[in-house]
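Residue 6 is where the sequence shown starts when you use the numbering used here, and the numbers rise one by one after that. Ideal Cβ positions, reconstructed from N, Cα and C, are used throughout, including at glycine.
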Amino acid sequence: MQGRTPYLRSMQVRRPSLHRDSYGPVTVAQSGQVTFLRPAVLGDELVARATERGRFGRNGIYDVTVSRTDGVVIAEFRGQRRQTQT
Numbered sequence: 006m007q008g009r010t011p012y013l014r015s016m017q018v019r020r021p022s023l024h025r026d027s028y029g030p031v032t033v034a035q036s037g038q039v040t041f042l043r044p045a046v047l048g049d050e051l052v053a054r055a056t057e058r059g060r061f062g063r064n065g066i067y068d069v070t071v072s073r074t075d076g077v078v079i080a081e082f083r084g085q086r087r088q089t090q091t
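Written as structure tokens, this is what we have:
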């Protein structure tokens with residue numbers, strides 16, 4: 006995906022994230038941390054690769070690596086999610 010100014014502006018978070026994950030139950034973001042390693046510029050094509058690191062009870066930990074198509078890593082993200090009670 007190429008970054009464009011209107012698209013980048015549209016990515017502002019306006020409400021909390023609430024969705025069903027691939028396991029079915031409603032899930033909310035519990036925490037997240039982004040480490041920016043290098044700048045990206047308009048026109049860069051970015052690829053995000055996510056890995057589930059662990060799932061225990063109603064919790065989960067995920068790592069996401071964002072890189073340019075030439076393989077240069079731009080950012081690293083670690084997030085935790087929590088399933089709501091069903």
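Item, Value
"Provide the residue span of the beta strand (DSSP E) that contains Q35, from first to last.", "31–41"
"Give the DSSP-derived three-state secondary structure of S22 in the structure shown.", "With a pLDDT of 49 at S22, under the threshold of 50, the modelled position of that residue is not reliable, and no figure is offered here."
"Quick check: what's the CA-CA separation for V69 versus A80?", "8 Å"
"Sort F61, P30, D49, Q35 by Cα distance to T74 and report the nearest one.", "D49"
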